[in-house]
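Student: Below is the structure I would like to discuss, written out as structure tokens.
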Amino acid sequence: MSKARACDALAHARVVRAKETNVANYYTQFCFGIELGTSEQKEWWASVETYHECEESCPEDCPKVNEDHNGAGIDIDVSEAEVYFTAEEGGDVDWLAETIQKFLLAFNLDTVVTFTWACTCSKMRADAFGGGVYAVSRLGTKGIGAFALADEYADELRAQLAASVSAGT
48 MSKARACDAL AHARVVRAKE TNVANYYTQF CFGIELGTSE QKEWWASVET
98 YHECEESCPE DCPKVNEDHN GAGIDIDVSE AEVYFTAEEG GDVDWLAETI
148 QKFLLAFNLD TVVTFTWACT CSKMRADAFG GGVYAVSRLG TKGIGAFALA
198 DEYADELRAQ LAASVSAGT
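For this note's numbering, add 47 to where a residue sits in the sequence shown, where the first one is 1.
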């Protein structure tokens with residue numbers, strides 16, 4: 048399965064928004080933390096604190112933000128024991144998942160980090176609300192948006208209905 052998008056409705060929403068004169072603001076929001084075990088891990092995240100500084104100070108293997116986004120839009124707050132990630136308006140969840148994987152690889156950590164995000168809008172638009180989930184380990188990332196998951200579930204149910212009809216039940 049392909050990577051999750053920051054909000055899988057955004058591609059469609061951009062087309063809809065371009066056709067409308069009543070402009071709306073679209074948001075990708077999340078907040079979560081990861082426990083840090085060593086001062087080296089803290090230093091690694093401190094060097095990634097914001098994407099706008101990432102180009103100069105990010106570790107060499109830090110993923111570059113998606114060119115479709117204007118920065119990753121993520122606030123990174125490093126404390127003694129944890130690193131917190133927040134986005135209030137628009138956070139690039141794909142970039143964040145890749146960066147978390149690079150962190151897990153750099154320290155050979157055998158853990159899985161999960162996070163969810165919400166997609167909202169300042170206007171009531173049917174295609175503008177959703178979100179998604181990511182699970183990240185040093186071996187890979189797996190993410191899906193709410194609309195893609197809904198499509199998968201609908202396809203499964205359609206297949207069950209088709210099988211039921213052909214079986215005569």
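From the three backbone atoms N, C-alpha and C, an ideal C-beta is built for every residue, glycine too.
Only a predicted model underlies this, so the values are computations on that prediction, with no experimental measurement involved.
(1) Roughly how far, in whole angstroms, is the beta-carbon of Leu156 from the beta-carbon of Arg185, given that I think they are within contact range, below 8 Å?
(2) How many Å lie between His99 and Thr85 at the Cα?
(3) Kindly indicate which three-state DSSP category Ile81 falls into: helix, strand or coil?
(4) Whole angstroms are fine: how far does the CA of Asp124 sit from the CA of Ala195?
(5) Per DSSP, Ile191 forms a beta bridge with which residues?
(6) If you draw a straight line from the C-alpha of Tyr181 to the C-alpha of Phe162, how long is it?
(7) Between the alpha carbons of Tyr131 and Gly192, how many angstroms are there, rounded?
(8) Considering just the uninterrupted stretch of the alpha helix (DSSP H) at Ile147, what are its terminal residues?
(9) Quickly, what does DSSP pair Ile123 with across the bridge? List them, please.
(10) Can the beta-carbon of Thr146 be found closer than 9 Å to that of Val95?
(11) Tell me which residue opens and which closes the beta strand (DSSP E) that Ala165 is part of.
(12) Taking the alpha-carbon positions, what's the Tyr200 to Ala206 distance?
(13) Express the C-alpha separation of Leu83 and Asp15 in angstroms, rounding to a whole number.
Tutor: Taking the coordinates as given:
(1) Position 109 of the sequence shown holds residue 156. Position 138 of the sequence shown holds residue 185. Their Cβ separation, rounded to whole angstroms, is 6 Å, which keeps Leu156 and Arg185 in contact under 8 Å.
(2) Position 52 of the sequence shown, counting from 1, holds the residue named residue 99. Position 38 of the sequence shown, counting from 1, holds the residue named residue 85. Legend: pLDDT at His99 = 45, less than 50; position of this residue unreliable, value from coordinates given subsequently. A direct Cα-Cα distance of roughly 25 Å separates His99 from Thr85.
(3) For this step, residue 81 is matched to residue 34 along the sequence shown. Judged by DSSP in its simplified three-state form, Ile81 adopts strand.
(4) The count along the sequence shown starts at 1 and reaches residue 195 at position 148. The count along the sequence shown starts at 1 and reaches residue 124 at position 77. Their Cα atoms are separated by approximately 31 Å.
(5) In the sequence shown, residue 191 corresponds to position 144, counting from 1. For Ile191, which the question treats as bridged, DSSP gives the partners Val180.
(6) Taking the first residue of the sequence shown as position 1, residue 181 is located at position 134. Taking the first residue of the sequence shown as position 1, residue 162 is located at position 115. If you take the alpha carbons of Tyr181 and Phe162, they lie about 5 Å apart.
(7) Walking along the sequence shown from the start, residue 131 turns up at place 84. Walking along the sequence shown from the start, residue 192 turns up at place 145. Rounded to the nearest angstrom, the two C-alpha atoms are 22 Å apart.
(8) The residue given as residue 147 occupies position 100 in the sequence shown. For Ile147, the enclosing alpha helix (DSSP H) covers residues Val140 to Ala153.
(9) What you label residue 123 is simply residue 76 of the sequence shown in a count that begins at 1. According to DSSP, Ile123 bridges with Phe132.
(10) The residue labelled residue 146 in the question sits at position 99 within the sequence shown. The residue labelled residue 95 in the question sits at position 48 within the sequence shown. In contact: Thr146 and Val95 (Cβ atoms closer than 9 Å).
(11) Sequence index remark: in the sequence shown, residue 165 carries index 118 (1-based). Val160 to Cys168 is the span of the beta strand (DSSP E), which, as asked, contains Ala165.
(12) Along the sequence shown, one-based indexing puts residue 200 at 153. Along the sequence shown, one-based indexing puts residue 206 at 159. Each residue's alpha carbon lies about 10 Å from the other.
(13) Here the chain comprises residues numbered 48 to 216, so residue 15 is not present and cannot be evaluated.
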